[in-house]
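Okay, so here's the structure we're looking at.
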Amino acid sequence: MRRKEGPMAEAAHAITTGAVARRLGVSPTTVRSWDQRYGIGPAVRANGKHRRWAPGDIAMLEEMCRLTAAGVPPGEAARAARATHGGPGAAAPTGPPQNRDAPQTSQTPQTPQTPQTPSPSPRGRQPGSGNGLPLGNVTPECRGLARAAVRLDGPAMESLLEQVVRDYGLVAAWEQVMAPALHAVGRKWASSDDRYVEVEHLLSWHVSTALRRRAVTSPGPFDATNPVVLACVPAEAHTLPLEALAAGLAERGLPYRMFGGAVPVEALIAVVRRSGPAAVVLWSQARSTAAHALATCVADTASGVRGARTTPLVVLAGPGWAGRGAGTGFLRPTGLREALDAILHLYEGLGGGGRRGQGEDPTGF
350 MRRKEGPMAE AAHAITTGAV ARRLGVSPTT VRSWDQRYGI GPAVRANGKH RRWAPGDIAM
410 LEEMCRLTAA GVPPGEAARA ARATHGGPGA AAPTGPPQNR DAPQTSQTPQ TPQTPQTPSP
470 SPRGRQPGSG NGLPLGNVTP ECRGLARAAV RLDGPAMESL LEQVVRDYGL VAAWEQVMAP
530 ALHAVGRKWA SSDDRYVEVE HLLSWHVSTA LRRRAVTSPG PFDATNPVVL ACVPAEAHTL
590 PLEALAAGLA ERGLPYRMFG GAVPVEALIA VVRRSGPAAV VLWSQARSTA AHALATCVAD
650 TASGVRGART TPLVVLAGPG WAGRGAGTGF LRPTGLREAL DAILHLYEGL GGGGRRGQGE
710 DPTGF
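Going by my numbering, the letters in the sequence shown line up with residues 350 to 714, in that order.
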């Protein structure tokens with residue numbers, strides 16, 4: 350337990366609020382707010398006024414950071430941190446804090462076919478709960494991921510992402526935790542004169558790692574022929590949505606080939622001719638990158654032996670394709686789940702071999 354040497358002895362090694370904030374990767378305002386709102390403050394103040402954080406106080410703050418990153422509401426996290434580290438008003442710990450909104454642990458059995466879905470917090474957006482990010486009404490898991498990202502806490506992000514994918518499945522984890530956190534960081538970056546770029550890079554890396562790990566640990570494809578080709582259009586470098594789709598295809602045992610960002614036109618046409626894909630997914634993040642002439646060219650590119658040539662179904666994915674005339678014969682899913690369902694239906698209808706269905710023209714995305 351802390352304070353064995355006495356408060357005054359620990360105070361000799363105390364540091365300022367600014368220094369402890371830099372150490373934890375949060376803002377000094379957040380540290381002061383935790384002290385004022387939840388009693389997570391130093392036991393001793395210099396001259397009775399200024400905060401000075403001793404090693405035991407910092408340990409309590411570190412526990413507060415760990416719990417909030419896991420999605421525990423700040424009030425419950427503060428009570429648990431005080432109980433664990435003997436802070437002011439501490440009560441004897443009676444076990445881990447109970448958070449009804451937090452994801453279920455592995456001790457709770459779940460049916461793999463119908464994973465539960467995280468629900469948005471009924472409290473809506475809480476002041477300071479996103480560490481400055483414009484989150485809105487999101488799930489506690491998304492809020493915890495955003496907090497960990499702002500603190501540049503890689504281990505916390507890795508642990509939380511692994512848990513939500515395991516507990517809720519890939520689609521729910523992407524749509525309700527990963528994507529909202531990425532969008533919030535992107536909005537903050539765009540409105541803050543390039544601040545938070547380091548947050549966006551680290552969060553993207555950990556999301557990408559979680560998605561690829563899911564892809565590699567999923568069952569192998571039932572058929573290596575006629576794969577789904579995943580590629581960004583030539584002027585597009587955003588690959589994370591395609592990585593989510595790749596992980597979802599792997600979960601369902603569907604073959605795919607990921608070619609990543611900014612694939613040149615000539616390379617994309619060569620891929621179609623050489624691999625004979627059942628479908629080609631073209632991702633465009635912005636309208637300036639969407640290329641309908643390219644989509645038409647890919648849709649008309651044949652593969653296979655003479656006399657039995659076939660063409661792929663082209664899937665236009667991403668907001669860049671919205672509001673533009675794409676013609677007929679293209680699939681336009683509105684999200685990850687719809688894209689996966691449509692591609693699975695394509696394979697089921699063609700016995701796994703995978704060939705293009707004509708005349709499909711859904712709207713959306």
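Glycine included, every Cβ here is placed at the ideal spot set by N, Cα and C. Keep in mind that this is a model prediction, so the values were computed, not measured.
Apart from sequence neighbours up to five positions away, the residues of its chain that approach residue 628 with a beta-carbon distance below 8 Å are 577, 578, 661, 662, 663, 664, 680, 692, 695, 703 and 705, ordered along the chain.
Contact between residue 433 and residue 400 is ruled out by a C-beta separation of about 20 Å, above the 8 Å threshold. Secondary structure note for residue 500: it is in no beta strand (DSSP E), with a DSSP letter that is neither H nor E.
If you look at residue 605, you'll find it in the beta strand (DSSP E) that goes 605-607.
Checking the DSSP bridge columns, you'll see residue 364 partnered with 402. Annotation: residue 482 is outside any alpha helix (DSSP H) and is labelled neither H nor E by DSSP. The residues 423, 426, 493 and 496, in chain order, have a CB closer than 7 Å to that of residue 417 in the same chain once the five nearest residues on each side in sequence are set aside.
Residue 581 has 632 as its beta-bridge partners, per DSSP. With three or more CB-CB distances shorter than 8 Å, the segment 596-604 counts as touching the segment 546-564. With 16 or more other Cβ atoms from the protein chains shown falling within 10 Å of its own Cβ, residue 575 counts as buried. A distance of 7 Å or more separates the beta carbons of residue 580 and residue 519. With fewer than 16 other CB atoms across the displayed protein chains lying within 10 angstroms of its CB, residue 651 is exposed. The straight-line gap separating the alpha-carbon atoms of residue 630 and residue 515 is approximately 26 Å. DSSP, reduced to helix, strand and coil, places residue 663 within a strand of the structure shown. Pairing residue 538 with residue 648, the inter-Cα distance amounts to about 36 Å. Between the C-alpha atoms of residue 685 and residue 402 there is a straight-line separation of about 46 Å.
Judged by DSSP secondary structure, residue 698 falls within the alpha helix (DSSP H) whose first and last residues are 685-698.
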